[in-house]
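Protein chains in written order, with this note's numbering: chain W, 2 to 329; chain B, 723 to 1042.
Ideal Cβ placement from N, Cα and C applies to all residues, glycine included.
Owing to the predicted nature of the structure, the values given are computational and were not obtained by experimental measurement.
Contents: one structure, followed by commentary.
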Amino acid sequence: MLLAPAPFVPALFAPALAVHDLNLLIDGAAVVDGVDFAVASGEVMALVGESGCGKSLTAHAIMRLLPDAVRQGRGRIELDGENLSALSERQMRRVRGRRISMIFQEPQAALDPLSTVGAQVAEATGLPRSQAREAVLRMLAEVGISDPARRIDQYPFELSGGMCQRVMIASALIARPAVLIADEPTTALDVTIQAQILDLLRRLAVERGTAIVLITHDMGVVADIADRVAVMYAGRIAETGDTAAIFAAPRHPYTALLLAALPRLTDVPRSRLAVIEGRVPAPAEFPPGCRFAGRCPLADDHCRAEVPPLRDVGSGHLSACWHSEAVR
Amino acid sequence: MSGPGHDALVVADLAVHYPARNGPPVRAVDGVSFALARNETLGLVGESGCGKSTVARAIVGLQPPTRGSVKVDGAEIVGASRAALRAARARMQMVFQDPVTSLNPRMTVGEAVGEPLLVRGIARGAALRERVAGLLTEAGLRPEDAGRYPHQFSGGQRQRIVIARALALRPALLVCDEPVSALDVSVRAQILNLLVDLQRAHGMACLFVSHDLAVVRHVCDRVAVMYLGRLAELAPRDALYAEPRHPYTRALLAAVPEPDPVVQRAKPRVPLVGEIPSPAHMPSGCRFHTRCPMTQAICRTVEPEWRQVGSSLVACHFAG
Ligand SMILES: Nc1ncnc2c1ncn2[C@@H]1O[C@H](COP(=O)(O)OP(=O)(O)OP(=O)(O)O)[C@@H](O)[C@H]1O
Ligand SMILES: Nc1ncnc2c1ncn2[C@@H]1O[C@H](COP(=O)(O)OP(=O)(O)O)[C@@H](O)[C@H]1O
Ligand code: SF4
Ligand code: SF4
Ligand SMILES: [Mg+2]
Ligand SMILES: [Mg+2]
């Protein structure tokens, strides 16, 4: 990396969570490379990108739950100003689920099939079960589970996917963590249930001031709920800024093409959709310069040789592109 | 039996009930009727578990129905003899969601695409190779790809191989079950463009199963909305999206998050309460009444008739 981008921390807020220059390596290839972002209390920050771009690894790195094959290189993760990378595993265990929680794409798989809803949600409180029951009932009601008094004694197989996701959110939030990482929380759900879960997450951010990092590949979900967004491509942030600004005028060719590739309820049926030729390079084949160069209509020799740094293109809107001003 | 003058597909009162070990059967499909003209693409949409894939599998003869009739190009599929079914299968092809499991990993791409032609004795040798090259080109691949194996291709390319194979026999009917759902946005756009090109070039009838209303709108002429084993609404595309008549269609459309923060955040929120009931324990009366924002007393006891309202067919007592 030639130019380390300045970490993006807008002046007006002290972030609840800040990720600085995160680098994750698999067999020497930087599958996540120089990722920077921050989230404030009450804010929803979306991390969006196609499969394999490094969203889930970033989330797992924040939780310090990386798979064995993945090694963290450079990078610093701060929770309320405290450097998580410096904590011992024992200290980290007291942070997970209490001050920062994570929910996953497959709610059924993430819950323990042999333990009741009540027991799983109570676990994160650290209270004895008898005392926790009241708190759990309140939490189940808060995440919109109907008839909590009956559900609390049921097992995951007795619940639908949407209800399992609510249970997971309840157990992630019962200890009132400052930060919630939600990795594709609605991808496995139907749109009508997705709408309910997104409404719930929005309410948590507004009413409890939870800082939410929402990982998704769905630009519709970003448009619905995110205050800010970081678009990832092949392990790097391509573009980041306010959701409204980025949708109104993307300043990175990848974001622009991604938005033009979507069929919309408002376009002309059967009209030609924009395509991004080729495919995301495998980590072992990442090119030396801009990782999007092989597929980018604006690529030139400069792009192929030098990594474009994230640069400010106006009011906190950053783009990692040598030709950001040429993007329409 | 087959020939011009028939619809490409006529489905009448189709039902598929799966027996359950204990308890009542799962009424996955419970009385579905529609027809599909030549050249026409019909979208079948609805939430997970509503029975879309079961309809698709019954149409191509992979799932024997409990009752009803399926005519492909004029020929009855239900209860057909093995020979008649084999002949009918040449007239229809299916494309599934997962391009990885729909291809035999030990067959080259050329063998996979050419197999239907070879097995039916339509082409072999140099003529077969030429036909395969043509099909690959049509699906956006290169003739040289014939010698490679499926694992050497990306997900989107594999779906192109599956499509090339499905086109080999020039079917009258193509049944696609979530053909782009497993693909990333940029690749999905490539496959959708390909499907639109093929519709224009061949004008075959297509049943397009999907849970994505924006995708369905993009490629379909008419749309059927399914809920718990039945059709709630069937309408021409523009009528369905501009003026949805069934409360369920309206709720589904309202729940699609649009990739535009201005539009999306201005949308009225009409969240649908609750979850889809089990098809083993079907609600009485209108099967949507447990979640419908417009439920009246009659909805709990009387199943709504299938009625014409404007250009739409709707199953709701109060659609108007
Ligand atoms: N082989 C089977 N045996 C028993 N029940 C089945 C079987 N196949 C499907 N079902 C049930 O039938 C109903 C309809 O299933 P189907 O796969 O047709 O739904 P779908 O609309 O395609 O859903 P999705 O959007 O999730 O693909 C579901 O309740 C499902 O659990
Ligand atoms: N446990 C693992 N072992 C080896 N490679 C992995 C592992 N997890 C993820 N990867 C690789 O790291 C990259 C990023 O993966 P991931 O963060 O899961 O992507 P996303 O969540 O954006 O789809 C991909 O190339 C993926 O194949
Ligand atoms: S830096 Fe060059 S190759 Fe990379 S996105 Fe910008 S124009 Fe395209
Ligand atoms: S019949 Fe009644 S419950 Fe059913 S959709 Fe119409 S209003 Fe709703
Ligand atoms: Mg992931
Ligand atoms: Mg299905």
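query                                                                                                                                  : result
Extent of the continuous alpha helix (DSSP H) to which B:LEU935 belongs                                                                : 935–941
Neighbourhood of W:ARG134 by C-beta, 8 angstroms cutoff - its chain only, sequence neighbours within 5 removed                         : GLY119, ALA123, ILE153
CA-to-CA distance, B:ILE913 to B:ARG882, given in whole angstroms                                                                      : 7 angstroms
Neighbourhood of B:TYR970 by C-beta, 6 angstroms cutoff - its chain only, sequence neighbours within 5 removed                         : TYR949, ALA954, PHE1010
Sub-8 angstroms separation of W:ALA206 and W:VAL314 beta-carbons                                                                       : no
Residue closest to B:LEU920, alpha-carbon to alpha-carbon, out of B:ALA737, B:ASP752, B:GLU762, B:ASP735                               : B:GLU762
CA nearest to the CA of W:PRO114, picked from W:ARG139, W:ARG97, W:GLN155                                                              : W:GLN155
Residues bridged to B:LYS793 (per DSSP)                                                                                                : B:VAL732, B:GLU798
Touching by the beta-carbon criterion (3+ pairs, under 8 angstroms), the stretch 247–258 of chain W and the stretch 316–323 of chain W : yes
Any non-hydrogen atom of ligand 4 within 7 angstroms of B:PRO999 CB                                                                    : no
Straight-line Cα distance separating B:SER932 from W:ILE182                                                                            : 29 angstroms
Secondary structure of B:LEU920, DSSP reduced to three states                                                                          : helix
Complete runs of the alpha helix (DSSP H) confined to the stretch 177–227 of chain W [at least 4 residues]                             : 192–204, 220–226
8 angstroms Cβ cutoff, B:ARG808 in contact with chain W                                                                                : no
Alpha helix (DSSP H) runs contained entirely in the stretch 933–1002 of chain B, provided each spans 4 or more residues                : 935–941, 959–964, 969–977, 983–988
B:VAL739 - partner residues in DSSP beta bridges                                                                                       : Before going further, note that residue 739 of chain B is His rather than Val in the sequence given. Paired residue(s): B:ARG749.
Nearest to B:VAL777 (by Cα), restricted to the options B:TYR963, B:ARG749, B:ARG760                                                    : B:ARG749
Helix, strand or coil at W:TRP323 according to DSSP, with G and I counted as helix                                                     : coil
B:THR1017 CB to nearest heavy atom of ligand 4 below 7 angstroms                                                                       : yes
Alpha carbon of B:ARG789 to alpha carbon of W:LEU202, nearest angstrom                                                                 : 44 angstroms
Distance, B:PRO993 Cα to B:ALA742 Cα                                                                                                   : 32 angstroms
Residues of its chain near W:LEU190, where Cβ-Cβ distance is below 8 angstroms and the 5 sequence neighbours each way are ignored      : GLY162, GLY163, GLN166, ILE198
Outcome for B:ARG808 when other beta-carbon atoms lying within 10 angstroms are tallied against a minimum of 16                        : exposed
Test: B:ASN915 CB closer than 8 angstroms to a CB of chain W                                                                           : yes
Spatially closest choice to B:LEU916 from W:THR117, W:LEU299, W:ARG271, by CA coordinates                                              : W:ARG271
Classification of W:THR267 by the beta-carbon crowding that lies within 10 angstroms, buried from 16 upward                            : exposed
Three-state secondary structure assigned by DSSP to W:MET64                                                                            : helix
Distance cut-off 7 angstroms: B:PRO741 Cβ against heavy atoms of ligand 4                                                              : no
Interface residues of the stretch 965–979 of chain B facing chain W [CB-CB below 7 angstroms]                                          : ALA973, LEU974, ALA977, VAL978, PRO979
Segment limits, beta strand (DSSP E) that includes W:GLY43                                                                             : Unbroken run through W:GLY43: none, as it is neither H nor E.
CB contact flag (B:SER755, B:ASP729, <8 angstroms)                                                                                     : no
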